[in-house]
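As you go down the protein sequences, you meet chains A and B in turn. All residue numbers for the first sequence refer to this note's numbering, where the first residue is 808 and numbers rise by one. All residue numbers for the second sequence refer to this note's numbering, where the first residue is 808 and numbers rise by one. Glycine is no exception: its CB is placed at the ideal position from the N, C-alpha and C atoms.
Number of protein chains: 2
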Amino acid sequence: MKPSSILSLLVLAAVLLVLFDRPATSPSPQILATEPAVATSTPLEPVPAQPSPDAALRNKALSAGLKPLPAGPGPVTGNALTPERIALGRQLFFEPRLSSSHLISCHTCHNLALGGDDNLPTSVGHGWQRGPRNAPTVYNAVYNTAQFWDGRAADLKAQAKGPIQAAVEMANAPEQAVATLRSMPEYVENFTSAFPDDQDPLSFDNLTKAIEAYEATLVTPNAPFDRWLQGEDDALNPLAKQGVARFVDKGCTACHNGVNVGGQAYFPFGLIRKPAERIRPPADKGRFAVTHTPSDEYVFRAAPLRNIALTAPYFHSGQVWSLEEAIAVMGSAQLGVDLTDADIAPIAAFLHSLTGVPPQIDYPMLPVEAATTPKPRL
Amino acid sequence: MKPSSILSLLVLAAVLLVLFDRPATSPSPQILATEPAVATSTPLEPVPAQPSPDAALRNKALSAGLKPLPAGPGPVTGNALTPERIALGRQLFFEPRLSSSHLISCHTCHNLALGGDDNLPTSVGHGWQRGPRNAPTVYNAVYNTAQFWDGRAADLKAQAKGPIQAAVEMANAPEQAVATLRSMPEYVENFTSAFPDDQDPLSFDNLTKAIEAYEATLVTPNAPFDRWLQGEDDALNPLAKQGVARFVDKGCTACHNGVNVGGQAYFPFGLIRKPAERIRPPADKGRFAVTHTPSDEYVFRAAPLRNIALTAPYFHSGQVWSLEEAIAVMGSAQLGVDLTDADIAPIAAFLHSLTGVPPQIDYPMLPVEAATTPKPRL
């Protein structure tokens, strides 16, 4: 044995000795993590579980159908959330060449820096045309029962087909979008990796499946309300807790419940009182255009309220900029009550507590165009 | 002294001994880096340095003024690249609320996923208006002698003032942009951190300084050509090496030299032969509009050629989509020669080798609007 090897053994032995005879000061975090988290001066007696002072309110919220948002991608059907598919979907979500102008991507109207929407009354699309409705947030959209304000798309992959083709949005044709991607070898490769069992991996259906896979990862868990719902009493301030109580007691949870605090069912906008025409323009009859059923006139999907503090202006018409005004409008239109500041301020504080933690967004690099890539049409 | 402290000293002494008497096997990478890289069975004789077969070509390239792109932020003057300033600049670079519509950001036309430009002939701005010239890449722009095709802005902070105010781009006023940012408490805080010594941190000047600080980090080192220039013979394929020789021999390096392979000086577009009017429209007289000097008619800053394979279409008019055609145009207009495929193919291969490694882009979250935030004007 060389002298250096003997020394190595000596070091090892010394390190082991130190580990098992550590002073209380300057501990290694790794070691401490496996030790019981008690102060050295505290006797080792079990602390009786204190009932949380918020237990009753928490039970009220849970009983009314409010639920914490799970971490990790939301549920999809008929799609597989493989890393390859999510990575491809991330490229496509930010891909302006899906539009005929090569300028507008999903992200143009669903800006992940701005709460997942564009913060405009209604969106701006091809040729600076104005869309008919306010862009909903893409964050947590995977938890909506269906997509669009009128629920006309069953899920995110069906939704993604809409704006690409809409003349006032991306103004493209499916064949043109597919031809554009197919012209770039890197996309051909990425679709093959993302859909390895498909005869024709680079299809319009798969394009939207990949976008859905990425969008399923755009969830914002750990909002103060979620942490509170899971037992962290201090996560909400007293006003927000009062707001939780008011939100349930006033009946808001009748429509805004579930994981997404809305987004799960359809209701007439103006159930009790007709909102101002500025806010509910007569021409947009909502879900009626989907079902052609008279009872669906002015019916919309209940807005999901997560991150609502980030996504003004409000309602499908995008004409209300203040959260407080939006709460008042809802009180009048849906509940037939004139809410006062005593109700509105706590409810607003509760709604602010629904702002979650967005994922880290790694902006993708996109494949380079080839000679055969269709040219932008502006 | 506690037993544990004595043991710690013992360990330290042992570690030091080991470091100075290391066995040749299982070395620590940190240590190896300072040792000669020899296999254990090789006798310790000095290996004579082999002259690289590419040495002559490399010297030719270096002598012609071509230089590797350094890693790390590029040089700025009158600005400090603090982490706070760069982080603020990243927010501002992606900030659509710097435009009057709240829809257009720096990134709209300088898309970091597409080589740092928009891959359109000329850019689309407010109201879908078309800009007069092709958007140059923001990557490595910090190495240009001045900004814009005509060099009318001395540096990136001066450049950033242009598009915010241009009626066909972001169509905003400096006061409005500042008022918009000032309405959001998070921006007030971030400007104060980024400009701690300023009486009035949130100013239009500081806004553009922060953008410059971020843009200085948008460099793409380690292109195959850079690695080759630094001695890695295999980083270029034979055709690209042939292209390096052609690029120098034909005289391209007269205008395209330096770290950015261009971007360092002004030259008439059409030095020898007048380009087609499609490519050099008569109405745009280039730098003449800046200097009003007749000899500056149709003078432009030599295009920086880094990442040129990613930024079609080419020239200030954006009318040439093929890199090969662009090379031919340059041969004719600037050198008065009709380049053949035998020249164009290798030069194109060389230009492809100028595609560097972009930094990881962490997409920022942007501050939430307040009640006092000016509304978008669409």
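When you compare each of the options to residue i by their alpha carbons, which one comes out closest?
i, options, result
"glycine 872 (chain A)", "A:Gly879, A:Leu864, A:Ala878", "A:Leu864"
"glutamate 1104 (chain A)", "A:Thr884, A:Asn866, A:Ala967, A:Lys1092", "A:Lys1092"
"leucine 1173 (chain B)", "B:Asp1041, B:Ala960, B:Val995", "B:Val995"
"threonine 1098 (chain B)", "B:Gly1077, B:Tyr1073, B:Leu1078", "B:Tyr1073"
"leucine 1036 (chain B)", "B:Pro860, B:Gln857, B:Ala868", "B:Ala868"
"proline 1153 (chain B)", "B:Ala1135, B:Lys1081, B:Pro939, B:Ser1139", "B:Ala1135"
"threonine 952 (chain A)", "A:Ala1177, A:Trp935, A:His1063", "A:His1063"
"leucine 1112 (chain A)", "A:Asn947, A:Gly885, A:Leu905", "A:Asn947"
"glycine 1125 (chain A)", "A:Ala1110, A:Pro860, A:Gln1141", "A:Ala1110"
"arginine 1085 (chain A)", "A:Pro1120, A:Asp861, A:Val1051, A:Asp1041", "A:Pro1120"
"isoleucine 893 (chain A)", "A:Ser1139, A:Ala1083, A:Gly1069, A:Ala1023", "A:Ala1023"
"glutamine 972 (chain B)", "B:Arg989, B:Ile911, B:Asn866, B:Glu1019", "B:Ile911"
"arginine 940 (chain B)", "B:Phe1157, B:Phe1122, B:Ser908", "B:Phe1122"
"alanine 1020 (chain B)", "B:Phe1032, B:Ala967, B:Ala980", "B:Ala967"
"glycine 1077 (chain B)", "B:Pro1028, B:Gln1049, B:Phe1107, B:Leu905", "B:Phe1107"
"arginine 1094 (chain B)", "B:Arg1087, B:Gln1071, B:Arg1080, B:Pro1075", "B:Pro1075"
"proline 877 (chain B)", "B:Thr929, B:Asp1150, B:Asn1114, B:Asn1067", "B:Asn1067"
"serine 870 (chain A)", "A:Ala1096, A:Gln936, A:Gly1065, A:Val975", "A:Gly1065"
"histidine 933 (chain A)", "A:Pro1089, A:Arg904, A:Pro1045", "A:Arg904"
"alanine 1177 (chain B)", "A:Trp1128, A:Ala1047, A:Glu993, A:His909", "A:Trp1128"
"serine 1160 (chain B)", "B:Leu1142, B:Thr1060, B:Gly1070, B:Pro1028", "B:Pro1028"
"threonine 1179 (chain A)", "A:Cys1059, A:Met991, A:Gly938, A:Ser1010", "A:Met991"
"lysine 964 (chain B)", "B:Pro875, B:Ala887, B:Ala1090", "B:Ala887"
"threonine 987 (chain B)", "B:Leu1043, B:Asp1041, B:His909", "B:His909"
"glutamate 798 (chain B)", "B:Leu1146, B:Thr889, B:Pro981, B:Leu1009", "Here chain B comprises residues numbered 808 to 1185, so residue 798 (chain B) is not present and cannot be evaluated."
"isoleucine 1018 (chain B)", "B:Pro1101, B:Glu902, B:Ile1079", "B:Glu902"
For residue i, which residues does DSSP report across the bridge?
i, result
"alanine 1037 (chain A)", "It should be pointed out that residue 1037 (chain A) corresponds to glutamine in this sequence rather than to alanine. DSSP lists no partner for glutamine 1037 (chain A)."
"leucine 1252 (chain B)", "Coverage of chain B is limited to positions 808 through 1185, which leaves residue 1252 (chain B) absent and any answer about it impossible."
"tyrosine 946 (chain A)", "Tyrosine 946 (chain A) pairs with nothing; no bridge assigned."
"alanine 878 (chain A)", "The partner list for alanine 878 (chain A) (beta bridge, DSSP) is empty, contrary to what the question assumes."
"alanine 960 (chain A)", "A:Gln954"
"arginine 937 (chain B)", "B:Val931"
"proline 1075 (chain A)", "A:Val1106"
"aspartate 1169 (chain B)", "A:Asp1169"
So residue i packs on residue j, CB below 8 Å; how close in whole Å?
i, j, result
"leucine 1014 (chain A)", "valine 985 (chain A)", "7 Å"
"aspartate 924 (chain A)", "threonine 1118 (chain A)", "5 Å"
"alanine 1001 (chain B)", "leucine 895 (chain B)", "4 Å"
"threonine 884 (chain A)", "aspartate 962 (chain A)", "7 Å"
"glutamine 983 (chain B)", "proline 1181 (chain B)", "6 Å"
"arginine 989 (chain B)", "proline 1171 (chain B)", "Not really, about 19 Å apart at Cβ, beyond 8 Å."
"alanine 1116 (chain A)", "valine 1026 (chain B)", "Contact flag wrong, Cβ pair sits at about 37 Å."
"alanine 1030 (chain B)", "glycine 1163 (chain B)", "4 Å"
"leucine 1130 (chain A)", "alanine 1156 (chain A)", "That belief does not hold up - the Cβ atoms of leucine 1130 (chain A) and alanine 1156 (chain A) are roughly 10 Å apart, past 8 Å."
"tyrosine 1190 (chain B)", "glycine 1050 (chain B)", "The requested residue 1190 (chain B) does not occur in the structure, where chain B is confined to residues 808 to 1185."
"aspartate 1150 (chain B)", "lysine 1057 (chain B)", "7 Å"
"valine 970 (chain A)", "cysteine 913 (chain A)", "Valine is not the amino acid found at residue 970 (chain A); the sequence shown has proline there. Confirmed, about 7 Å."
"glycine 922 (chain B)", "threonine 889 (chain B)", "No, glycine 922 (chain B) and threonine 889 (chain B) are not in contact; Cβ-Cβ is about 28 Å, not under 8 Å."
Task: Completely contained beta strand (DSSP E) runs for the stretch 1090-1167 of chain A, where each covers 3 or more residues - done: 1106-1108
Task: Complete runs of the alpha helix (DSSP H) confined to the stretch 992-1067 of chain A [at least 4 residues] - done: 992-1001, 1011-1022, 1031-1036, 1045-1056
Task: chain B contacts from the stretch 1160-1182 of chain A (Cβ-Cβ distance under 8 Å) - done: Pro1165, Gln1167, Ile1168, Asp1169, Tyr1170, Pro1171, Met1172, Leu1173, Val1175, Glu1176, Ala1178, Lys1182
- [ ] Note down, in chain order, all residues in the stretch 933-960 of chain A with a beta-carbon under 9 Å from any beta-carbon belonging to chain B.
- [x] His933, Gly934, Trp935, Gln936, Arg937
- [ ] Determine which residues of the stretch 1094-1121 of chain B have a Cβ less than 7 Å from any Cβ of chain A, and write them out in chain order.
- [x] Ala1116, Leu1117, Ala1119
TODO: Scan the stretch 896-911 of chain A for residues whose Cβ lies nearer than 9 Å to a Cβ of chain B and list them as they occur along the chain.
DONE: Gln898, Phe901, Glu902, Pro903, Arg904, Ser908, His909, Leu910
- [ ] Using a Cβ-Cβ cut-off of less than 7 Å, give me the residues of the stretch 1022-1052 of chain B that come near chain A, in sequence order.
- [x] none
TODO: For the stretch 870-889 of chain B, enumerate the residues whose C-beta is nearer than 9 Å to any C-beta of chain A, in chain order.
DONE: none
- [ ] Using a Cβ-Cβ cut-off of less than 8 Å, give me the residues of the stretch 1119-1151 of chain A that come near chain B, in sequence order.
- [x] Ala1119, Trp1128, Ser1129
Task: Members of the stretch 961-981 of chain A that neighbour chain B once the beta carbon cut-off is set at 7 Å - done: none
Task: chain A contacts from the stretch 982-1008 of chain B (Cβ-Cβ distance under 9 Å) - done: none
Task: Interface positions of the stretch 1064-1098 of chain A facing chain B (Cβ-Cβ less than 9 Å), listed along the chain - done: none
Open item on the list: Just to confirm the assignment: which complete alpha helix (DSSP H) runs, minimum length 4, are found wholly within the stretch 885-921 of chain B?
Closed with: 890-900, 913-916
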